[in-house]
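Here the sequence shown is numbered in my numbering, starting from 29 and rising by one per residue.
Notes follow once the structure below has been shown.
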Amino acid sequence: EQVCTFMCPYARFQSVMFDRDTMIVSYDEARGEGTAGRAKVKAGLKTREERQAAGVGDCIDCGYCVQVCPTGIDIRDGLQFQCIHCALCIDACDTIMDKQGWPRGLIAYTSEREQEGGKTRFLRGKTLGYGAAVLVVIVALAGSILGRAPVDANVNQVRQPLYVQMSDGRIQNGYEIRLNNTADRELDFDIALAGLEGADLDLGQVEHIRLEPGDRVTVAVRVRYDVPADAPSPQPFRFVITDRDGHIEPLEVTSQFSHR
Ligand code: SF4
Ligand code: SF4
Numbered sequence: 029e030q031v032c033t034f035m036c037p038y039a040r041f042q043s044v045m046f047d048r049d050t051m052i053v054s055y056d057e058a059r060g061e062g063t064a065g066r067a068k069v070k071a072g073l074k075t076r077e078e079r080q081a082a083g084v085g086d087c088i089d090c091g092y093c094v095q096v097c098p099t100g101i102d103i104r105d106g107l108q109f110q111c112i113h114c115a116l117c118i119d120a121c122d123t124i125m126d127k128q129g130w131p132r133g134l135i136a137y138t139s140e141r142e143q144e145g146g147k148t149r150f151l152r153g154k155t156l157g158y159g160a161a162v163l164v165v166i167v168a169l170a171g172s173i174l175g176r177a178p179v180d181a182n183v184n185q186v187r188q189p190l191y192v193q194m195s196d197g198r199i200q201n202g203y204e205i206r207l208n209n210t211a212d213r214e215l216d217f218d219i220a221l222a223g224l225e226g227a228d229l230d231l232g233q234v235e236h237i238r239l240e241p242g243d244r245v246t247v248a249v250r251v252r253y254d255v256p257a258d259a260p261s262p263q264p265f266r267f268v269i270t271d272r273d274g275h276i277e278p279l280e281v282t283s284q285f286s287h288r
C-alpha cells in the first residue's frame, strides 16, 4: 500500500496523459447516489423501485469496494492518484449487484465520456501518438538487444604500485581485466597483447578463461616489457580478446604501460 501510494509513478504519468476518453475504473455516481444519496438496504428501502421512487441510488453502502482495495481508497470519492486500477472493487461491487439482482457496472472500467452517455473514442491523436512513441521505444530496445556486443570487457591498470622493475631489467605493470559474457553461448577466451613489441603477458594461475552465458570474471594479469630507452610513459597498447572457437570478433581494449 505504501509503495503504491508514495513510490509508484503510474498515477503521476496517468494524470498527465488523462482525457475524457481514458479508460479508468470509476464509480457511476449518478446511478449510485441518485438524487437523495446512497442508503443501506436495511434502512427500509428494499427493492430497487422503492429506492428509485425515494431518489436513493443503487449503492447500498456495504463498503465492500473499500474493503478489497489494496491501496485503501474509496473509489466512490472519484479518481484518486492512489488507484492502481486493479479492478478488485469492480468485482466486489458486481458481486453485490448480483446478490441484489440489479445490473452490474455500478463500478466499471469505463471513460468519462461513456459515463455521460457518449461513446469512448479509442482512436484519437493522443492514443496514436503514445502508440507510436511506445513502438519507437520497443524497436530501439529490440535493436539494442540484437546489436549488443557478445562480450563486455574493460581493463583497469593497477596503480599501487604503478610499475615494478624486475631483476632482469624489465618493467612489470599489473592490470585487472573484467570480462562479462553477454552472448547466449559458452565462450572460451584467449587474451593477447598488441602494440607493445616483445612484451610478455602473465595470466598467473589462469590457463584460459571459460565463461557460461551471463557469467563474469575479473582476472589479474601482469605485463612485462623490456622498455626501449626512448619509449614514452605511459605508452598506449591493446589487450586483444578472442574466443578460441571463433564465435566472436576479436575485441580490442586499450590500456597503457607505465615505466616512470
Ligand atoms: S481499482 Fe483497485 S486500487 Fe483502484 S479503487 Fe478499485 S480496488 Fe482500489
Ligand atoms: S461495493 Fe458497490 S454497493 Fe457496496 S459500497 Fe461499494 S459501490 Fe456501493
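Idealized CB from N, CA, C, for every residue including glycine.
Just so we're clear, the structure is a prediction, and the values are computed from it rather than from any experiment.
- In the DSSP assignment, residue 38 falls within the alpha helix (DSSP H) that extends over 38 to 45.
- Residue 222 and residue 156 have their C-alpha atoms spaced approximately 53 angstroms apart.
- Shortest gap from the CB of residue 104 to any heavy atom of ligand 2: under 7 angstroms.
- When 225, 185, 81, 122 are compared, the shortest CA-CA separation from residue 63 is found for 81.
- At a cut-off of 7 angstroms, the beta-carbon of residue 124 does not count as near ligand 1: no heavy atom of the ligand is closer than that.
- Our two residues, residue 44 and residue 283, have alpha carbons roughly 48 angstroms apart in a direct line.
- For residue 96, the enclosing alpha helix (DSSP H) covers residues 92 to 96.
- Residue 202 and residue 174 have their C-alpha atoms roughly 35 angstroms apart.
- Linking residue 187 to residue 239 through their CA atoms gives a straight-line distance of about 27 angstroms.
- Residue 47 and residue 72 have their C-alpha atoms roughly 40 angstroms apart.
- The continuous alpha helix (DSSP H) containing residue 161 extends over residues 153 to 174.
- In the DSSP annotation of this structure, the continuous segment of the alpha helix (DSSP H) that includes residue 60 starts and ends at 57 to 61.
- Under the three-state reduction of DSSP output, residue 148 falls in the coil class, being neither helix nor strand.
- Here the distance from the Cβ of residue 134 to the nearest heavy atom of ligand 2 is below 7 angstroms.
- Relative to the non-hydrogen atoms of ligand 2, the Cβ of residue 118 never comes closer than 7 angstroms to any of them.
- Between ligand 2 and residue 101, a heavy atom-to-CB distance of less than 7 angstroms is absent.
- For residue 217, the pairing in a beta bridge is given by DSSP as 237, 271.
- Sequence-distant Cβ neighbours of residue 228 in its own chain, meaning closer than 6 angstroms and more than five residues away, are 252.
- Residue 78 and residue 130 have their C-alpha atoms some 13 angstroms from each other.
- Here the C-alpha atom of residue 262 lies approximately 20 angstroms from the C-alpha atom of residue 230.
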